């Protein structure tokens, strides 16, 4: 159906989205909690450390769908692309993996300062270098993703008191 947002079109699409939402809920409940970061963000990194790249992609995509129009939306999109690159790399599909890393690098490069506890300029450099490495000499074993959020999550904006009257 042309012009219809994803997940609204066919019954099959709605079932797929419902199944994905259920899978993300199970993943979130199966991982230990720590810190005040959004659970989907925190679990994304836990899944990357476990080489569960497809699940990491799905978990962070759930957060990105809510934040995609926010100033940090492209930052989360870039992290999702990194997870997607690892998915392709595990299947020996080096060209799509490299292309995703190059795309992610461009999104990270849009941010001059720390975002969600990560240094986007260093992430952009890592993506470019890794894409080049994978072109020149694809690894037998994938390297771990070398970044984890630093510091505490940002404090929520203070709520204004409701004035009754």
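Residue numbers (the UniProt record's numbering): 1 to 165.
Glycine included, each C-beta is placed from N, C-alpha and C at the ideal position.
Since this is a predicted model, take the numbers as computed values, not measurements.
Under DSSP, the beta-bridge partners assigned to residue 118 are 115. Counted as a single uninterrupted DSSP element, the stretch harbouring residue 91 is not any alpha helix (DSSP H), since DSSP gives it neither H nor E. In this structure, the straight-line span from the alpha carbon of residue 55 to that of residue 79 is close to 13 Å. The region 50-68 makes no contact with the region 96-105; the number of CB pairs closer than 8 Å stays below 3. DSSP, read as helix, strand or coil, puts residue 55 in helix.
Here residue 144 carries a coil assignment [DSSP, helix/strand/coil].
Per DSSP, residue 70 lies in no alpha helix (DSSP H) segment and is marked neither H nor E. Shortest Cα-Cα distance from residue 70 to any of 115, 134, 84, 43 involves 115. According to the DSSP assignment, residue 46 belongs to the alpha helix (DSSP H) that extends over 39-49. Our two residues, residue 133 and residue 49, have alpha carbons roughly 20 Å apart in a direct line.
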